[in-house]
Each structure stands twice: as structure tokens, then as C-alpha cells.
Amino acid sequence: MLPNGFSQTSLRRRIASSEESIQCVTRNCKDRLMMCLSQTQMYFYDFQEEAVFLSSSAVTGASLSDDTAQNALWHPRRDDLLVVLTFRRMLFYKVPFNDGPSPDAVQLVNELSFETGLSSCVCNVNTTTLAACSVSGSLVLVHWESYKTLTLNSANLSSRLFGDAEAPVEEAATGAEEAAASELPIQLSFGVIRRISGAANGVPSDSERRRGDTRSKRHSLSGTVSSVSTCPVSFVTALVLTGGEVVLTRFTSFKGLPGPQDALRGSVSLVPSAKLAAVNGSRQLCAISTHSGSVLCFKYTRTNLALEKSSWWSNAKLAEINPGGSSPVTALAWCGGGQDLCCVGYYGVGVKVLHYSGVCFLFSSRSEAPPRPPSWLGSSAQRLLLESSAKGCVNSCWSSDGLQLSVVEPNTHRILHFSFVRYVASSVFGPFYGYFSSFALIGGDKVLVQGGGGERYPTAVAIPEAFRDTVYPVKYGSVSASGEAIACAGTGGCCVYNRRCEKWLLCNLETNTYCILSDPAWLSNYCLVLPVWDRASGKFSVLFVDVRENRLLSSIGLGREPQKVYSSYGVHANCGIVCVLDVSQQIHVYQSELNCSVEHQETSDLSLQLICKMQLGYHLSFPLSIVPFFDTWQSVGAQQSGAVKLLVLCSDQSVVMVHTNELHSTANVVVEEERAPCTTLQRGEGAPLLANAAWIDNTSPLRGITFLSYEGEQIFLNHIQPSGISSRQSTVTPHRFLVSSTTDGDVVPLSISPYDAFLIGVSGRGSDVEQLSVYSNQHDLPTMRLECRRVPYGPRVLSAVLQSAMPDTTGAVSPGQLSAFVWDRKLFYWMEKLREVNLFVPCMDSFLQSAITENPPAGVRNMDRKKCILATIELLRCYPEVHKILVRCVRKVDPCRWGLVLDFIGTPLHFFQECLQNGRLEEAMHLARVLVMYEFGIDTVAEKDGSEALPEQDTVDLTTNSSLTEILELFRLAIENNSFEIAYDLFRFVILINDGCTIPTASDHSSTEVRLTPSADDTEETDQLYTPLLKLSAGHLPPPERELYQQMLEKYSVVCEVIEAHAKSLFLDGFLVQLCQLLQLFSFSVPHFVQSSQKEETDDALCVERRVCTVLVSIQTELGLLAPPGKATLRFVSAVTSYREEEQTLLKSSSLGSWTSAQCVLFNNTPMLRTAMRLQSLFSCDTVCKLAFHFLFMNKMSIMEWLLSNSMVVNKVDRSIMLKGLALLEHIVERRELEGYSAFVHDIISSLPPSLFKDK
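UniProt numbering puts the first residue of the sequence shown at 1, with every later residue one more than the last.
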């Protein structure tokens, strides 16, 4: 579950007395009815979408002055039984609410009195018994039906735990628990585990006799019971005593209350200053708070419930949980459902919701002076942020599904409600690549999809109104392996959202009597699997629905209620696996085959074959997840014959692989766990592999099984080769590669992204994350910490590929004897997919760096470093990105390791020339540093293990070495290819290395954009001429840097020659924007260059005609105008925006009736128009450029004035010169790119006086 929203319920108007406040809030087993308890009243709410007040009822005999109400508890199975605890009584009520808004009268059923008094701690220890703590420190057990009571003090608990009962202790244990019960309990003191002396029956053990242990053979509890809590999933009860002892036990083995001869089974552990405890039965964790306000988390064993030292929250910043440092913990509880979240409530601070890994997902606390919410939030959102800051916590309550958290503030009339959403994802990915996110968030009536297909931000998709009556509220969901389809189900029906078509579909189940019981599953992108219960017949079954044709394909009848359904499909989409786990912990494994129409690709039939039935025993029962999969290394025929495996993630986090293909012959017989062929996965040295979650990746190019495991604070890529997939091996150790170490404890992986080799997770903090929520982290305001973090694991896939391809790593290193990556179709497709999503370069760069710097290389044990690097370079040679990857890697690694790469790619000079030949100018520029350091005697060839530092030297004389020639060649190529910033950075580098001087960067004094207003950069010029056309602009650089820059230009005169030659070419070709960028970047004066170039131009009419056409076409190309420009419509002409005064003048002088689409775009884009006007101003002294801009702006009067002034000879118009000018205009419109100006030219000619064309 992940945080989603916030609401509140205020009882200010309901409570009459100002001295009265809310004590607790609780919900019944169906989550429909919420009861808020004050000192004297019970307030009932119907809580679905929001809290709706129903009625109130007085607590019998309670008052503010005497015997006030403290806490309340609903029956664990019945939704109409309620018990209220006062200081001295237990009051049992029946609340028979109907479906309507008006409830019946609340009836008092029974009343129990306790003279010693009761504390506010109460819980259900099993389905028939509740437990409370008395003021004297005893544990009070009460039966819900018979109202019988049993009081256990610390002495009674000691005798029942340590064998001082009348009957032998072993009588209470049966089956698999019998062996575990004989083990000694442990004591945990300051993180050190030690055995408690004495066996369960009081007889010394053999080890105690040998070491002469004379300690007491009986242990007694040294305190009274201060709190009690029970896990609603496993019904493990945690008792906290005042002496710091924490007792974990179970009361589920008793039909009613424990008899006088019944013993308790469990353990006692010492946690100094323990106050509250909460048990997570799904993950086998126990959270314990202390009197100082700290929170610890321990793992316990399933057999004897003994606490072990756990590292779950060791690296989380737990000091931030209690900012005040002294606020006591008043509430500690795990959520329902999967029990992923734990709520920690502080009396004077607020609440914090933690993931079981220690990551904080939500923090709502009181602030002395809360900061003002951001202005971009609306008024309602600002008020929500301020109001959701909790003023502490005295009580909290989770809903049974874990999607709602209610918090009671101390001494107030307000209850805060925090809503959560479930994340659903597939556990098996591939072998088909998708383009959508691999997980979705579901809750209420919306679906939130994130990441994939180029999406950066989440998209909330609302369920259509027509479907809400059927599926609301959404409780279950699933995502197909490609991420294309998302199923959302309520108890009454299911609908599917197709992300490709962006459409919803309500599944046709042929009857409305089906009730969906758990999350659906997918057999393909179109076949949905639904576990249901028929309310009409009372039977359980699994339905298969084709969501394309929206029809029921098939169904499987079950004898017991299905608890969970798992599925996957193999290399061919028509082969799939369905695994059904029922409430009796029996697995039914089916193999499916979808028969599709070849012409229409429509599902026509579904065949199912039962492979096996298996009864899970004590170790495999209640698994966290089951991942079915095919052996991808086998052929299709092997898949069709039943080569199915199950990857079972047990409740104790161990990973077991079940070989169901060997049970095919006994498919109709239930196989016990002891007889099933299973393989336990190990992480090495006999230690079992413990994981919180696992995902199988069928998209990887590896033979065998590839899966990722989330193991506490680390993420591993595990690869089992085909030889290791055998039932003959009881244990197998996969090849393991560390993907990421979440040392900060702030990343929770959710699923695999099926298209880019990333593991998607959420983070409680950090940078470079994608926000999934509307709330921002404003100090201690409520933080909905949904931040998406992407963890790449592609480099580790390459490590596994390299290890499988190079098993022999011994012997001398010789290029002729080295192996390489096994080039096959799967590796080719995998690499091409990375290239398609632009992740090939970072993936290969990261892998090559790991091969150079990590020990062992690339995470592969016993791998020779040079073999690894050579194999990687040989693979990169097959791709055009090889130069970019190698240069990036050389730049990042330490110079003392450069030789490891240069040994296989040649000398830096050779590789530099190779980059120039392939046009890799940016890579060659970055390689210049390596080239200079290599040629001037700096020892970077041999690997020195980082022990020797580089020699200190201020400058390097490049003029005496051939490297300067290569760098100048790169400079020339960069200028000619208009890569001006590369050329300028290269110029800075040469000055820095050769002269030890630093000149400003390109971003410090210039810009790649053309300046729009005149400045000192253009008016102030120095007297220094470097070439006939280049003069330095004084305004570009401050005086100290200007003098240094002048000296460098004088020293490297070849730089000015290259710039002048290319600037001339740009000027003649009409690329004026690039010309300005080049001159401004190197701090040269643009007006001086234009004026000097004007003097060198020829007056040849043919050259002028060609230049005008060339300049006009180039200007339109640089500004991004349409070419060829077409005739503009009146609607575009009238859509121009309002301008400044000079722009309005230009618009009025333009011939609007002759506009083309180019003028419409130009005049409707203000920045583009101002750039064009600035260019016109800069190049106004050049006749050709001036005429080209007149055409661009369609300034008819200016062109006519040019024609008349150019044709005047002795105050008379020369007719021959006029005809040449008109021929120039006609020549312009003959070019295809400028044919749209024909109407404008004809308008000019028709506007000339007719007398100019008459013979005189």
C-alpha cells in the first residue's frame, strides 16, 4: 500500500461537553461501520467513501467524573458485537444495524466488573477470545460467547511458559510444532542473543551438565503485563511486561479459554525499556517501541516464536521518527491485508507510517510554526495541507484491507483519515517487450498508471460511471506482463482498462451472482483469470474471460475457497500456467493452451490440463508469493509437455523451487510437501537465500532462470543455469550479482519495467526522482512520499551473460585465445531494445566501468579483468555508439586505469584519429585531455591500483608536439560542422594546458541565441585586428580577461584564420544566425565583419541575383519557416498578435494580401520576429541581405524605393537598369523554395508607374 489522500471527521457539534474528547476509533470486521468513543458516548458512522453520521448512544453507567470509557473493540468475525472498556467494567453491546441509514437501538448484552481496574489495552487473541490488561498488571482473557474470564498474572504466565503446569508441556503441541516446542526460549539483551537456562520440564540438559551450570532451572517473569496485541493474520500475541520482557505466544490452539493444565507455547525475550509491541504475521516481524520513544523491529522464527536480531530498520533514520525526542509512543500497529505498513503514533508529535523495510511513506506531525504552503496550490489544497498536520496521536485504527488509517488526536474532537492505494504488478515479465509501466496503483474508483512509453508523470484514469455500481469499491487488481492491460475488480464484478486503446471494458461473467475473492491474474494480454464464489450455488470456481470478445472461455470448479491465483505465460503466448492456492494451503497447478484464429487473432478456445495437486506443509504454507514459470532454455515441445516450475517465496523469506513436471504422472493425487521434489536456493556457504520479493525476467538473453530478489537493503540479480534446474539437487546456489545497495533504507522495489531493464520502486526521499503525488515535502507537513526511483539492472544482466560465455578464466591473456559474448538472437534483441529506448549507452558505459573499477571485474567471480574488458570492447565494436561509450568511460575512471582500455583500442592518438574519421567530434574533444596527458610522459598506461598520483606540472608545450596538429584539425572540423561550442571548449583546453591560463566558458560571456537589442558588445570595439575581417568586441569580456584573450588570439593566429574562412562561407551562403553565433561566441564584432565583407563584394548582377535567393532561402531555413511557402488564408493573416511600436510599424508596411504561410508563422511568433528584426539591423549595410529581409517582411515600398534608387542616372531613371532589377525579382520567384512570393512580385511590378516602361 502507498499513501493517497487525506480527510477528517469532526465531532465538535456532536459532543455536548467541552471537557469531553475522543478516546478511540474502531471499525467492525466488514469495515462498513465506524465507532468513535468519547468518555461517555458512542458515535456510529457509515464509512465508505466518506464518514456519514448515523446515530449516537450513551455508554451505560459512564460519566466524566467516574468510570469513564477508555477503549472499544469489535468482534473479529461478527459485525454486530462490540465491547467497551471503562476503568472498571467491560460492556458488551449488540449493534444490529440495517442497510438503511437509521440504526436500531444499541442493546447492552452483558456487563463484567473488575475491582482491580482495567487499562485501555484490549485485543482479540483468537476468533473467540479477547484479552485486556488490568491495572494490577494481569492479563484478562474473556470469551466472546460465554463471557467466562481467566486472569493470568506474571506467575501464571511463567508456569505456563516454562513448564510449571500440572500436565506435561508437550501435550499442547502436535505435529510439526512438537519438535519446535522442545527448543529453549531465547533472551535478547542489548542485541545479544543467549539461551535461557533450563529445559522446559525443569531437567538440566546434557550441555548444562557438561559445563557444570548451577543456575536456576526455572525462569520467572520479572514484571507485570503492561500491554497486549495480536496479529489478525497469524494470531500471534505479543505481551510486554514492565521488566522489559516481550512474550510471543499463541492462543489459537484452545477451543475456549486455556484450562488449568494447558501450557502456552512461545518465547520470552528481553528488550530493555519495552513499552508496546506489534506483530506482523505475514513477514514474521515484531515492532517494539520503548519508553524513550524509539522504535525497533525484530524478526522472529515461525517455529518457536523466538526473536532474533533483525537488520530491517537498522539503516533507516529512526531518529527522524520522533523529532521531539521525548514524545511517548501511544499507538503501534501493522495494517491489515498484506501487512506492509506500520503506524507509529506519538502523543505530542503525530503519526508516521513506515514500510516493513523501514522506509517512511507518510509523516503527519505538529509544527510550532508551520511553513506557508506553496502558492501554486489552490486555496482548498493549502487548507488541506495545514489541517492534515496532526496534533499528536492517542489512538489509531487500520481498516481490515489496510487502505484506511484513522488517527485520534489528543484532547480534540477531530479524527484524521489517511487513505492508501494498492500497487499491483506482475511477477513474471517477458519474453514479450512492452511499452507501458509494469505496475499500477488502484483504489476507490481510480487507477494511477506511471512510467512507460515516454510518460514522465502519472496518469489518473477514472472508472466509468456505468461500471462503478458493479466494481466499486475497487479492492483487487492486476497488471498483464506487458503492462498493456489493467484489471480492476470489486466484490461484484471486474472491468479492464486497455492502455493502448485507452478504453474500459466490463467483463461479461454471464451471471451477476459471482463474488470475486482475490486479485485476478493474466494468461496473456487478453485472457483474464478470476477466482469467484457463486452466491446462488455456494460453489467456488476459477473463471477464464476473453477480454477482446468479452466472453467466458472456461471455468474450473474448486472444493475450497481460492485464496490466491498466480499465472504466467511462456515464450509462446498460447502456453500458460495457472496456479491456484486455496484456504487449506493446497496448490492446484494447471497448464493452459490458447487456440487463436490465425486470420483475426481472436481467441477461439482454451484447453486446461491439471499438472499436479500439492499440499503445502509447515514450511511452505501461507507463502508470500508463488511465481510459476517455464524453463525458458527448453524447447517449445518441452513446454507443452509440462516443464513447469514454481518459485515459492515462503513466509520466512526463504526461496524454494518446486519441480511440478515430475509430479505429472500423479496429477489427480494430492502430493504432500515432504514428497514433492523441491530445491532450496542458497546465497552461498550454506546460508539460505532470504528475499522480501522476487521477479522473474524472461526478457533477459540468459539461458536458464533469471530473477531479481529484494533482500532487505540489497537488490540482487540471480541466474540459475540450465544445469542447476534439476530436482536431483536439494539445494542450488545461483550466480548472484549485486544490483543496488539501498544503504539509506529509502527504496522499496515494486516491479520490473518490461522494456528498459529497470527495477521500479518508490523512495521516501532523494533527488532525481519522479513525483507521483500532489503533495511536496514541506518540513513536517503530511508527506505522501510517492517518489518513483528507477534502479538499472541491465549491466548485471551483461555480467551474467559474460560469465556464462566465459567459464574458463585461467591462462595467459592473448587476443587469439579470448572468448567473447555469445552472440545469439536473444542477446541481439535485448541490445536492440535498449537502443530503441535510448538506454544502450548508459547501460554499456556502466558495465564497462564496473569491469575496470570493481573487484571482481563486473561483479563476476574469478574473472580476469583484461578478458572482461576485451570481451566488452569486441561487443561494442558491433555498434556505432562505441566511440561515445569508450570515451565516456575513460573520462570517468581514474587516469591510472586508462591503460586497461588503451591496450585494446590502441594509442590515444590512434583512437583520436578514428573519432575524427567517423565524425565523432564531441568524443574527440573529450579525448583531447587523454591525448595530451598520454603523449607528454604522464604514466597512465599501467594500472597502479590508484597508489601513485599524477605528477604536478603547470603547463605543457604543445607547440613542440604532434598532438597540437591533431587538436587544430579537430578545431577546424568543429568549425566547419557548425559545432562552435565544441571548438570554443577545445580552444579553452589548449590555452589551459599550454599556457596555464583560464578564459571564460561559453556560457559566461556569450549565448547561442542572437542578441535582440544593441549592447556594448556590438558598439565597443578594440583597435586590434587579427584578420582583415575580425576585430575583438570590447564589451564581451571584462578588461582583465580581455587582455589575456587578446594575447591568446595573437599566439594562435591559426584559430582566427579558420574562423574567418568559415565566417565568409556562412555570410555568402546566407546563414546569418550561425554567423552571429560563431562571432559572438569568440567575442568578435559582427558589424565590423559585415562592413569589411561589404567592401570585398563584387557588383556583378548575376552574383547579386544568386546571393539574394540564397540568403532568403537560408534565412527561412534557420528561422524554421515553411518551405516552400504557400498562400496564406485570411484567417491566418487576421490572427496576428499585438506588438511593440517598432513591430507595429513593420506590420503596417507589410503587404498582408500577399502573405505566405512563412509570414503567418513569422508574425505570430514574437521571439522569432524579434530575432529576424535584429538580424536585419545587424546586416543592414549589406545590400543583398537588406533586400532579402525586405522580401521576408514583404515590405513593398522598400523594394520599390530600391528599384527606383538603383535605376537613377543623373536624376533620371535608366530603363535598362530598371529592367535588370525587375529581372532580378522574377529570378527570385523562379526557385521552388520561393515560388510563394510570385503574387508579391507581381504586385510590385503592377504598382510601378507605367511611364517607366514607355519608350521616350
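Every residue gets a Cβ at the ideal spot worked out from N, C-alpha and C, and that includes glycine. Just so we're clear, the structure is a prediction, and the values are computed from it rather than from any experiment.
- Arg32 has its alpha-carbon roughly 29 Å from the corresponding atom of Glu19.
- Going by C-alpha positions, Phe298 is about 14 Å away from Ala333.
- Look at His417 here: in three-state DSSP terms it is strand.
- In this structure, Leu848 keeps its C-beta atom at 7 Å or more from the C-beta atom of Tyr793.
- Look at Phe847 here: in three-state DSSP terms it is helix.
- Taking His1190 as the centre and dropping the five residues before and after it, the same chain places the C-beta of Ser1198 and Ile1199 closer than 6 Å to its C-beta, in chain order.
- Taking 7 Å as the cut-off, the Cβ atoms of Phe97 and Asn110 do not count as close.
- Spanning the alpha carbons of Ser226 and Thr242 requires a straight line of approximately 6 Å.
- Residue pairing for His588: DSSP places it in a beta bridge opposite Val580 and Lys613.
- The alpha carbon of Arg888 has as its nearest neighbour, out of Ser406, Leu717 and Leu927, the alpha carbon of Leu927.
- In chain order, Met35, Ala72, Leu73, Trp74 and Cys397 place their CB closer than 7 Å to the CB of Thr26, counting only its own chain and leaving out the 5 sequence neighbours on each side.
- In its chain, beyond the 5 residues on either side, Trp334 and Gln339 have a beta carbon closer than 6 Å to the beta carbon of Asn280.
- For Val140, the closest C-alpha among the options Leu85, Val106 and Ala105 is that of Leu85.
- As computed with DSSP, Met1168 is found in no beta bridge at all.
- In this chain, Lys475 is not harboured by any beta strand (DSSP E), its DSSP state being neither H nor E.
- For Ala306, the closest alpha carbon among the candidates Leu270, Pro328, Leu276 and Lys275 is that of Leu270.
- Residue pairing from DSSP places Asp546 in a beta bridge opposite Cys527 and Arg551.
- Beyond the five residues adjoining it in sequence on each side, Thr301 comes within less than 7 Å, by CB distance, of Glu308 in the same chain, given in chain order.
- Rounded to whole angstroms, the gap between the alpha carbons of Gly256 and Thr128 is 7 Å.
- The DSSP-derived three-state label of His1062 is helix.
- Following the DSSP letters along the chain, one finds Tyr300 inside the beta strand (DSSP E) bounded by residues Val295 to Tyr300.
- When rounded, the separation of the alpha-carbon atoms in Asp546 and Leu530 is 11 Å.
- Within 10 angstroms of the beta-carbon of Pro272 lie fewer than 16 other beta-carbons, which makes it exposed.
- Put simply, of Ser364, Ser399 and Phe418 the residue whose alpha carbon is nearest the alpha carbon of Gly392 is Ser364.
- Spanning the alpha carbons of Gly704 and Thr680 requires a straight line of approximately 16 Å.
- Between Val797 and Ser700, the gap from beta carbon to beta carbon is short of 7 Å.
- C-alpha of Ser850 to C-alpha of Val739: approximately 11 Å in a straight line.
- Of all C-beta pairs linking the stretch 1167-1179 to the stretch 1219-1229, fewer than three are shorter than 8 Å, placing the two stretches out of contact.
- In the DSSP assignment, Cys515 forms a beta bridge with Trp533.
- Within the model, the alpha-carbon separation for Asp469 versus Asp445 is close to 10 Å.
- The beta-bridge partner set that DSSP reports for Leu239 consists of Val228 and Val247.
- Going by DSSP, Lys1186 is part of the alpha helix (DSSP H) stretching over Thr1183 to Phe1193.
- CA-to-CA, the gap between His413 and Val353 works out to about 22 Å.
- DSSP places Pro628 in the uninterrupted beta strand (DSSP E) bounded by Ser625 to Phe630.
- Residue environment: Tyr829 is assigned as exposed (fewer than 16 neighbouring CB atoms within 10 Å of its CB, all protein chains considered).
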